[in-house]
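Residue numbers (our numbering): 1335 to 1590. Before any comments, here is the structure.
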């Protein structure tokens, strides 16, 4: 396990993550999980130059431990790890927290990309790639989960869904949903005008902007993941509805 010399030697647990965010003075922490040491060191160098605090490891098992104890703000995860498959690491990370995951892999097919998103990834980069591009993608994912300048708390469907944009929380039937930054962005976009049909292309543009390369199936995967967290019956969604030939809409009306 590699820890920057400027950091304390003892691990910070999840309460420390809340503290450093509250202080607002510390750089976001990125955990790089990559078994190729040269690439790992290169990514560390680029991320540190961009102002991030970087933790790194070449082990999937160690990555799970580090993530649970150090509570990074984002994980850059290579799928081709020697000990624990990257897919398993992603599942473990996603089961424990909504920490953003940026997957890195040599698998470049669309099905591989969709599979990665189904596992809960917020973005997906295929090798070979530019380290500068990866830094930009890391920054973009973190921006989706950063402070909002929205109007505050809005209720929908008689309180079934409550969105607090300042706190970046979504409460569904009284329980807070653990959403990734991409899932949060999709929900807020749909809630902007309840009942309006948002084409897939527009949702992708809102979430990814011009940086996106790939098919519109990616937004379907994110919506599927989102529904699994907020719908009573994801097979019969009421909150996020599909409009055939159109896209998606929020099925709940805004409360007065």
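In this text, a Cβ means the ideal position worked out from N, Cα and C, and glycines have one as well.
Delimiting residues of the beta strand (DSSP E) encompassing residue i
i: residue 1365; result: 1363-1367
i: residue 1582; result: 1581-1584
i: residue 1446; result: Counting along the chain, residue 1446 falls outside any beta strand (DSSP E), though it belongs to the alpha helix (DSSP H) covering 1444-1452.
i: residue 1412; result: 1408-1412
Bridge partners - residue i, DSSP secondary structure assignment
i: residue 1495; result: 1490 and 1506
i: residue 1577; result: 1581
i: residue 1389; result: 1365
i: residue 1458; result: 1437
i: residue 1588; result: 1490
Whole-Å CB distance - residue i paired with residue j, under 8 Å assumed
i: residue 1367; j: residue 1388; result: With a Cβ gap of about 11 Å, residue 1367 and residue 1388 do not count as contacting.
i: residue 1540; j: residue 1519; result: 7 Å
i: residue 1515; j: residue 1581; result: Going by Cβ atoms, the distance from residue 1515 to residue 1581 rounds to 21 Å, so no, they are not a contact pair.
Selection from the options that minimises the alpha carbon distance to residue i
i: residue 1472; options: 1382, 1408 and 1498; result: 1408
i: residue 1491; options: 1501, 1580 and 1505; result: 1505
i: residue 1402; options: 1390, 1430, 1386 and 1579; result: 1430
i: residue 1417; options: 1526, 1369, 1468 and 1463; result: 1369
i: residue 1587; options: 1565, 1566, 1560 and 1524; result: 1524
Per-residue burial, residue i [other beta carbons within 10 Å of its own, 16 or more giving buried]
i: residue 1434; result: buried
i: residue 1577; result: exposed
i: residue 1530; result: exposed
i: residue 1377; result: buried
Delimiting residues of the alpha helix (DSSP H) encompassing residue i
i: residue 1562; result: 1551-1564
i: residue 1522; result: 1515-1526
i: residue 1469; result: 1465-1478
i: residue 1421; result: 1420-1430
i: residue 1397; result: 1394-1404
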